[in-house]
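Visitor:
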Amino acid sequence: MGDREQLLRDIGIADFVLTELVLYLDTHPHDCKAMEYFNHYNRIKLQMEKEFSQKYYPLNTRYAESGKEWRWGAAPLPWEGACA
Amino acid sequence: MWSYEKRLQFPVNIKEPNAKLAQAIISQYGGPDGEMGASMRYLSQRYSIPYREVAGVLTDIGTEELAHLEMVASIVHQLTRNLSMEEIEKSGFANYYVDHTVGVWPQAAGGVPFNACEFQVKGDPITDLMEDMAAEQKARATYDNILRLVKDPDVCEPIKFLRMREVVHFQRFGEALRMVQDRLDSRNFYAFNPAFDKCESCDDKPDCGCDK
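What follows is the structure in structure tokens.
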């Protein structure tokens, strides 16, 4: 697995933890421990997404800022497979 | 509103096409218990929910279902990629192919097109959440049926992930239902539809504490 694939996979892992925490916190809003986990993984995920967008391609238009050209359109599509 | 992320919720990387399997799995795209129905059900039901936290559960699960819809479409797309004419004829894919080539179109495994009658918006929170819990179990059972047909681990892993999410969503909807019932009269939950009826003391003081 290349560096790009590894980073994309790590983002997916952090995002999955966050998805779980969002749904859990929706029905357990007073669980401080879960809230701490959310804050922790959310910071990690945002940082990894920013790094990924700078090194490879933007995963969301909020990371599409660029000095030269528009990179969003040329980015690989998720359904292409091969951990694009 | 929504914001698109250019990645799948769980990786899908299928190397071997299998048109026969694609025809079964497409049911989770546009079939009776598929992800299109799931996402539209929760995202449509939330408007009549009078409790913000419960509408939040429907929004967040409905949003995750859109990510699942994209995963199922990716599985179908990759299973029908680079098919030869011979494979299309041999695998019984010709009927689908004649109308859609190898595009992804929402239909059930049996060919029935997606229809909004796959789900309901009753405008009654208990009724809608009960349907949502049943829907998660029906989708879970469909994924179990699919898993009995799948031999390829590249297909198995994302399907197992999707199956697992149905179980989690069932749990969360159960909690959301409890949140609704906690606000109602436990002697008769059905005496009052909080999405429609007004409590008597609401007329005198809007902040009567009935949570409406």
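Chain order of the listed sequences is C and R.
Under our numbering, think of the first position of the first sequence as 15, with each following residue one higher.
Under our numbering, think of the first position of the second sequence as 127, with each following residue one higher.
In this text, a Cβ means the ideal position worked out from N, Cα and C, and glycines have one as well.
Check glutamine 233 of chain R in the structure and name its three-state DSSP category.
Guide: Correct three-state label for glutamine 233 of chain R: strand.
Visitor: Where asparagine 139 of chain R and glutamate 94 of chain C are concerned, what is the direct C-alpha to C-alpha distance, given to the nearest angstrom?
Guide: Straight-line Cα distance between these residues: approximately 8 Å.
Visitor: Would you kindly check if the distance between the Cβ of serine 165 of chain R and the Cβ of leucine 195 of chain R is under 7 Å?
Guide: Yes, the pair counts as a contact, with Cβ atoms nearer than the cut-off.
Visitor: Between which two residues does the alpha helix (DSSP H) carrying glycine 157 of chain R extend?
Guide: That residue, glycine 157 of chain R, is in no alpha helix (DSSP H); it is neither H nor E in DSSP.
Visitor: What does the Cβ neighbour count give for glycine 182 of chain R, buried or exposed, with the cut at 16 atoms within 10 Å?
Guide: Classification of glycine 182 of chain R: buried, given that the 10 Å Cβ count is 16 or more.
Visitor: From the DSSP output, in three-state form, read off proline 176 of chain R for me.
Guide: In this structure, proline 176 of chain R counts as coil in the three-state DSSP scheme.
Visitor: For leucine 73 of chain C, which residues of its own chain have a beta-carbon under 7 Å away from its beta-carbon, when the five flanking residues on both sides are left out?
Guide: For leucine 73 of chain C, where only same-chain residues beyond five positions count, the Cβ hits under 7 Å are Glu63, Phe66 and Ser67.
Visitor: Does glycine 95 of chain C have its Cβ less than 7 Å from a Cβ in chain R?
Guide: Closer than 7 Å to some Cβ of chain R, the Cβ of glycine 95 of chain C qualifies, so yes.
Visitor: What does asparagine 53 of chain C reach in chain R if we use C-beta pairs closer than 9 Å?
Guide: Simply none; closest approach about 18 Å.
Visitor: Under a three-way DSSP split, which group does proline 239 of chain R fall into?
Guide: Reduced to three states, the DSSP call for proline 239 of chain R is strand.
Visitor: For proline 143 of chain R, which three-state DSSP category applies?
Guide: Correct three-state label for proline 143 of chain R: coil.
Visitor: Give me the Cα-Cα distance between aspartate 254 of chain R and glycine 16 of chain C, rounded to the nearest whole angstrom.
Guide: Cα-Cα distance, rounded: 46 Å.
Visitor: Closest to isoleucine 285 of chain R by C-alpha separation, out of R:Gly163, R:Ser153 and R:Ser217, would be which residue?
Guide: The candidate whose alpha carbon is nearest that of isoleucine 285 of chain R is R:Ser153.
Visitor: Alanine 321 of chain R and proline 251 of chain R: beta carbons closer than 7 Å?
Guide: Their beta carbons are under 7 Å apart, which means alanine 321 of chain R touches proline 251 of chain R by this criterion.
Visitor: Closer than 7 Å by C-beta to threonine 357 of chain R: which residues in its own chain qualify, once you throw out the five before and the five after it? Chain order, please.
Guide: Summary: the structure shown does not reach residue 357 of chain R, with chain R confined to residues 127 through 338, and so no result is reported for it.
Visitor: Looking at the C-beta of alanine 78 of chain C, does it have a partner C-beta in chain R at a distance below 7 Å?
Guide: It does not; no Cβ of chain R falls within 7 Å.
Visitor: What three-state label does DSSP hand glutamate 19 of chain C in the structure shown?
Guide: Looking at glutamate 19 of chain C - three-state DSSP - the assignment turns out to be helix.
Visitor: Taking a Cβ distance cut-off of 7 Å, strictly less, list which residues of the segment 160-192 of chain R are near chain C, in chain order.
Guide: Residues Glu179, Gly182, Val183, Asp186, Ile187 and Glu190.
Visitor: From the DSSP output, in three-state form, read off alanine 88 of chain C for me.
Guide: Reduced to three states, the DSSP call for alanine 88 of chain C is coil.
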